Every structure is written in C-alpha cells, then in structure tokens.
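Q: Position 134, counted from 1, in the sequence shown is what full-length UniProt numbering calls 134; the numbers after and before it change by one each time, with no gaps.
The beta carbon of each residue, even a glycine, is placed where N, CA and C say it ideally should be.
Remember, predicted model here, so these are calculated numbers, not experimental data.
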Amino acid sequence: METRAAAPRRLIVAITGATGAIYGVRILETLRRLGGVESHLLISSAGWLNIQHELQLSKEDVHPLADVVHSVRDVGASIASGSFATEGMIVAPCSMRTLASVAHGLSDNLITRAADVTLKERRRLVLLVRETPFNLAHLRNMTAVTEMGGVIFPPVPAFYNQPSSIDEMVDHTVARVLDLFALGPALSPAWTGLRGTQD
Numbered sequence: 001m002e003t004r005a006a007a008p009r010r011l012i013v014a015i016t017g018a019t020g021a022i023y024g025v026r027i028l029e030t031l032r033r034l035g036g037v038e039s040h041l042l043i044s045s046a047g048w049l050n051i052q053h054e055l056q057l058s059k060e061d062v063h064p065l066a067d068v069v070h071s072v073r074d075v076g077a078s079i080a081s082g083s084f085a086t087e088g089m090i091v092a093p094c095s096m097r098t099l100a101s102v103a104h105g106l107s108d109n110l111i112t113r114a115a116d117v118t119l120k121e122r123r124r125l126v127l128l129v130r131e132t133p134f135n136l137a138h139l140r141n142m143t144a145v146t147e148m149g150g151v152i153f154p155p156v157p158a159f160y161n162q163p164s165s166i167d168e169m170v171d172h173t174v175a176r177v178l179d180l181f182a183l184g185p186a187l188s189p190a191w192t193g194l195r196g197t198q199d
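Here you go:
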C-alpha cells in the first residue's frame, strides 16, 4: 500500500502597516535559525514603508529570510487555499485595517485571504495588533477575531525578566508568539515564581 508523504511544516508570516516591523523580521530570523519550518512571507505596501523607515532594510535584505515570498495581490497563491496545509499564520505587526478586514471576513488581498483561510480551517492565527489607545471599533474587532478562534497578541513588553535592551524585549515577545505553535522545544523560559520573603 502506498504511503502518503507528510506535508512539510509551514508557517505564514505577514508584516502590515503598523509600527513594530522588527517583530515580523525577527520572527523570520528565528524561524530560519531554528529550521524545520517552511516560512511563507507577505508584506503589505504600508508594511514595506515601516520596514524601510524603522529598520532601514530593503527587499533584498528581507526576502532571503523567508523560504517563499508571496505578493499581497496574488490571491491565487497556494496559501489562499485551505488544501495547502500550514501550522497557521502570524501577522506581526497587525494594523487596525488588517484587523478590521479579518474581523469582517473581507478577503481583499492575500494577507486577509490567508488569515480567513487559517480561521476557517481551524488553524492558529496570531495577530500582533499595534495601536494605542484602542477605540471601541478596535476592541470590537479584536473580540470578533477572538470569537472566531484567533489569538490577539499585542506586543506588550515584559519587565519581569529584567530585559537590558530593546532586542531582549523583542526576542521575548517573539519566543512567546512562536511557542503558541509548538514547533519544538519552548523558546521562552518557563516562569518559576518569585523568590523572596512573603509577608
């Protein structure tokens, strides 16, 4: 009897037009370092503006970090179909426009189509939403995505691990995000509790 080959582990990473492009880039760098996961990259036009402004990086710098790069206009790409197996999708950072499109099922480009497919196939969708303060529309859209099974993950820095640099804060968030996909051993150290005298 012929056995069916297992599909490679794949993860979709999208970078949209909110501040915090470093999160998407660092996720790609981490996946490349870890190996064993085929990364599929999408970057919106506003996402490119932020990459250039915040990180001074070009397409020649970023594209090689991914295994496959898709145009956001290519709605016929492999990742637009649920038959193309993936572990899920991360949007880092996720603009409020992208959040609204996902919340309302508006598959108007490949980013929002891939997110819609991820939800309908009951795969993990993680949105690093980036805005502050939130207005009521933002909160309702986050609630809608959560009710559909998505994970809202604002990249709020942690201080309990006493980071000494912005890079350490970014790396901690990236580790927590990737750990949600259980791609291998945990990247972020487990919390072991505070040590000290309790009153």
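Identify which residue in Leu194, Ser165 and Ala92 has its Cα closest to the Cα of Ser44.
A: The candidate whose alpha carbon is nearest that of Ser44 is Ala92.
Q: Under three-state DSSP, which class holds Arg124?
A: Residue state, collapsed to three classes: strand.
Q: In whole angstroms, give me the CA-to-CA distance for Leu127 and Gly17.
A: Spanning the two alpha carbons is a distance of roughly 13 Å.
Q: Do you know whose CA, among Pro157, Leu180, Arg176 and Leu49, lies nearest Met169's CA?
A: Comparing Cα positions, the closest option is Pro157.
Q: On the three-pair Cβ rule with 8 Å, is the stretch 97 to 108 touching the stretch 22 to 32?
A: No contact exists between the stretch 97 to 108 and the stretch 22 to 32.
Q: Among Thr19, Ala14, Asn50 and Ile27, which one has its Cα closest to the Cα of Val183?
A: Just to set this straight, residue 183 is Leu in the shown sequence, not Val. Of Thr19, Ala14, Asn50 and Ile27, the residue nearest in Cα terms is Ile27.
Q: Is the beta carbon of Gly149 sitting closer than 8 Å to the one on Arg176?
A: Contact flag unset, no.
Q: For Gly82 and Pro8, I'd like the C-alpha separation in whole angstroms.
A: Answer to the nearest angstrom: the Cα atoms are 15 Å apart.
Q: Assuming residue 215 and Val145 make a contact with CB atoms under 8 Å, what is their CB distance in whole Å?
A: Coverage of the chain is limited to positions 1 through 199, which leaves residue 215 absent and any answer about it impossible.
Q: I need the boundaries of the beta strand (DSSP E) containing Glu38, first residue and last residue.
A: It spans Glu38 to Ile43 - the beta strand (DSSP E) in which Glu38 sits, taken as one unbroken run.
Q: Per DSSP, which residues does Leu11 bridge with? Please list them.
A: Note: Leu11 sits in a beta bridge opposite Ser39 and Gly88.
Q: Which one or two residues does DSSP pair with His70 in a beta bridge?
A: Partner(s): Leu42.
Q: Compute the Euclidean distance between the alpha carbons of residue 242 and Ala186, then round it to the nearest angstrom.
A: The requested residue 242 is not part of the displayed model; the chain covers only 1 to 199.
Q: Taking the Cβ atom as the reference point for each residue, do Glu54 and Thr98 lie within a distance shorter than 8 Å?
A: Not a contact, by the Cβ cut-off of 8 Å.
Q: Can you round the beta-carbon distance between Ala100 and Asn141 to whole angstroms, since I take them to be within the 8 Å contact cut?
A: Rounded, the Cβ-Cβ distance is 5 Å, consistent with contact.
Q: Going by the beta-carbon positions, is the gap between Gly47 and Ile15 smaller than 8 Å?
A: Yes, Cβ-Cβ distance for Gly47 and Ile15 is below 8 Å.
Q: Need the endpoints of the alpha helix (DSSP H) that Leu34 sits in, please.
A: Here the alpha helix (DSSP H) through Leu34 covers Ala21 to Leu34.
Q: In whole angstroms, what is the alpha-carbon distance linking His194 and Phe159?
A: Checking the sequence, you will find Leu at residue 194 rather than His. Straight-line Cα distance between these residues: approximately 13 Å.
Q: Based on the DSSP output, what are the partners of Val129 in its beta bridges?
A: According to DSSP, which records beta bridges pairwise, Val129 is partnered with Cys94.
Q: Enumerate, from N- to C-terminal direction, the unbroken beta strand (DSSP E) stretches of 3 or more residues contained entirely within the stretch 123 to 177.
A: Taking only runs of at least 3 residues, the beta strand (DSSP E) segments lying wholly in the stretch 123 to 177 are 124 to 129.
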